[in-house]
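For the sequence shown, position 363 (counting from the first letter as 1) is numbered 599 according to our numbering, and the numbering increases by one without interruption. Positions of the beta carbon are idealized from the N, C-alpha and C atoms, including for glycine. The structure presented is a predicted model; accordingly, all values stated were derived computationally and were not measured.
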Amino acid sequence: MPAREYNFDGLVGPTHNYAGLSHGNVASLAHSGQPASPRGAALQGLAKMRFVASLGVGQAVLPPHERPSLRTLRRLGFRGSDEEVLAQAARDPELKDQLLRISSSAAAMWTANAATCIPSADAADGRLHLIPANLTAMFHRSLEAETTARVLRAIFADGKKFEVHDPLPGGGHFADEGAANHTRLFAADREAVHLLAWGRCAFGDPPPGGEPSVYPARQTREASHALARLGQVDGARALFPQQHPIGIDAGAFHTDVLAVGNGNVLLLHELAFLEVAALLDKLRALLGESFVAFLATERELPVVSAVAAYPFNSQLLTLPDGSMTILAPEEAREDPRARAFLQRVIESDGPVKSAHHLDLRESMENGGGPACLRQRIVLQDGERSAIEARVFWDEPLGAELEAWVSRHYRDRLVGEDLADPRLARENMQALDELTRILRIGSVYDFQK
Ligand code: SUG
237 MPAREYNFDG
247 LVGPTHNYAG
257 LSHGNVASLA
267 HSGQPASPRG
277 AALQGLAKMR
287 FVASLGVGQA
297 VLPPHERPSL
307 RTLRRLGFRG
317 SDEEVLAQAA
327 RDPELKDQLL
337 RISSSAAAMW
347 TANAATCIPS
357 ADAADGRLHL
367 IPANLTAMFH
377 RSLEAETTAR
387 VLRAIFADGK
397 KFEVHDPLPG
407 GGHFADEGAA
417 NHTRLFAADR
427 EAVHLLAWGR
437 CAFGDPPPGG
447 EPSVYPARQT
457 REASHALARL
467 GQVDGARALF
477 PQQHPIGIDA
487 GAFHTDVLAV
497 GNGNVLLLHE
507 LAFLEVAALL
517 DKLRALLGES
527 FVAFLATERE
537 LPVVSAVAAY
547 PFNSQLLTLP
557 DGSMTILAPE
567 EAREDPRARA
577 FLQRVIESDG
587 PVKSAHHLDL
597 RESMENGGGP
607 ACLRQRIVLQ
617 DGERSAIEAR
627 VFWDEPLGAE
637 LEAWVSRHYR
647 DRLVGEDLAD
657 PRLARENMQA
667 LDELTRILRI
677 GSVYDFQK
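In structure tokens:
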């Protein structure tokens, strides 16, 4: 069945700002409080989409979420008109503006965390499965799950071909960060293998390899197993490696900070997973001799550099000629060791033949590189044509989205601006217009 991978990028939302919300995400903490450019961020994201599409790779877009989330503030007890709710949340006697910053976060842009996708070819029932991530590890991100489910249901509406599940239930026990901890690998004549990584155990004894002690492990082992069940993945083709606790403590809050895979190729740092050698042996056994791994040791590429420059948070893309290219952030070219590692990958005799570097600084400074900004969805031709929403990239859509951003987004945003009720209004107007551009119907609270 002909199939193609589409990168569903998150369109950066109009409240993009640096609120220092993510403990364990080094960039988010380091840039807390600096002024942001929502317009610049959104245009950088759109430039990436255009570039990926120009390579002949499938590209699509997912909309931002409604922010500030007035519904969240009301659920926390703030009352009155929108203006009153915002004013109270901005000067809460105990939390100061913390709740306003949380409910204004544009973090839904990192759609690698939106869901886990199991393509129909790998699911027992032959349908494509999407499990929206509950993101319970970070409060500001947990607000995304509900809207993500609505948006995915609006796009993947055909129940015969797609199943959009509910996010995993409960609090922290089934904490799930979506595709940021999921890697799908495959090789010619072999069924795909799914790596579903996790950082901590919710039930029973702690894992023998220990858990991180400085920063939180966001995903549980139990969540990763539930994702494989929901996606109806063959048990023999699902592996559940543990994220290395030292890697998490160094700032690799998601697997995709230290590893990226595509087809028969895996790029990884030795601190991405525990027991890396055994994992690679297992992958070779499942995928055959064409499987290639590029393992960076601490000596070749210190984890501090990997976390700061994000060479592994690249998109590894298969081009129409069958070769692969790396789409890396500009920072991975500036850091000599990250650059040397990517150079080694390209200069080897493997399938990866080139690298491109893009300026995504607005997103990078909150810890989101190229790979964070996209959700990979493999669609067979019949599945692609069952989607009626206008979310697939073409030049007219790209130009329309750029004009929409330029019309509605502010060029500069600092923390105090989040209390401005005009910002909330501007965003509602912009998003209302966007749902018409993308033809996804009513997905936001304010549209109900
Ligand atoms: O969850 N940053 C996001 C970055 C997500 C990156 N995604 C992947 N690695 N796939 C996070 O930590 C920072 C928001 C702030 O501080 O304003 C933030 O949420």
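Nearest-angstrom Cα distance between residue i and residue j?
i, j, result
"Asp-571", "Arg-626", "38 Å"
"Leu-247", "Met-345", "6 Å"
"Gln-324", "Phe-314", "7 Å"
"Asp-668", "Ser-449", "44 Å"
"Gln-464", "Ser-526", "The amino acid at residue 464 is misidentified as Gln; the sequence shows Ala. Going from the Cα of Ala-464 to the Cα of Ser-526 covers about 25 Å."
"Gly-292", "Met-285", "11 Å"
"His-644", "Leu-670", "11 Å"
"Leu-466", "Ile-562", "31 Å"
"Leu-531", "Pro-274", "36 Å"
"Val-543", "His-409", "27 Å"
"Pro-238", "Arg-620", "11 Å"
"Pro-538", "Ala-574", "9 Å"
"Gln-479", "Thr-419", "13 Å"
"Phe-244", "Ala-343", "15 Å"
"Leu-520", "Leu-388", "Residue identity differs from the one stated: residue 520 is Arg in this sequence, not Leu. Each residue's alpha carbon lies about 34 Å from the other."
"Ser-264", "Ala-381", "21 Å"
"Ile-582", "His-376", "38 Å"
"Phe-287", "Gly-294", "11 Å"
"Asp-647", "Met-560", "35 Å"
"Gly-407", "Thr-372", "6 Å"
Opposite residue i in the DSSP bridges: which residues?
i, result
"Lys-332", "Asp-328"
"Phe-509", "Gln-479"
"Val-540", "DSSP output for Val-540 lists no bridge partner at all."
"Ala-472", "Note: Ala-472 sits in no beta bridge, so no partner."
"Cys-437", "Per DSSP, none; premise fails for Cys-437."
"Asn-498", "Val-501"
"Met-374", "Looking at the DSSP assignment, Met-374 forms no beta bridge with any residue, so it has no partner."
"His-593", "Ala-564"
"His-365", "Ile-354 and Glu-399"
"Arg-420", "His-430"
"Gly-294", "Tyr-242"
"Ala-359", "Val-469"
"Val-588", "Met-560"
Looking at the secondary structure, which residues open and close the beta strand (DSSP E) in which residue i lies?
i, result
"Val-493", "Unbroken run through Val-493: none, as it is neither H nor E."
"Gln-455", "Per DSSP, Gln-455 belongs to no beta strand (DSSP E) and is neither H nor E."
"Glu-241", "239 to 246"
"Glu-566", "Premise fails: Glu-566 is in no beta strand (DSSP E) and is neither H nor E."
"Arg-610", "610 to 616"
"Val-450", "Element bounds for Val-450: n/a, residue is neither H nor E."
"Val-528", "528 to 532"
Please list the terminal residues of the continuous alpha helix (DSSP H) segment that includes residue i.
i, result
"Gly-276", "274 to 290"
"Ala-660", "657 to 674"
"His-430", "Looking at the DSSP string, His-430 is not in any alpha helix (DSSP H); the run it does join, the beta strand (DSSP E), is 429 to 432."
"Ala-574", "572 to 583"
Cutting at 8 Å between CB atoms, please list the residues of its own chain near residue i, excluding the five before and the five after it.
i, result
"Ala-326", "Asp-333, Leu-336, Leu-654 and Ala-655"
"Lys-397", "Ser-356, Arg-363, Leu-364, Gly-618, Glu-619 and Ala-622"
By Cβ distance below 6 Å, which residues in the same chain neighbour residue i in space, the five residues on each side in sequence not counted?
i, result
"Gln-468", "Ala-359, Ala-360 and Asp-361"
"Asp-394", "Ala-622"
"Ser-305", "Ser-339 and Leu-379"
"Asp-485", "Pro-448, Val-450 and Tyr-451"
Residues in its own chain within less than 7 Å of residue i by CB, not counting five upstream and five downstream?
i, result
"Glu-598", "His-252, Ala-272, Ser-273, Gly-276, Ala-277 and Gln-280"
"Asp-681", "Glu-302 and Arg-307"
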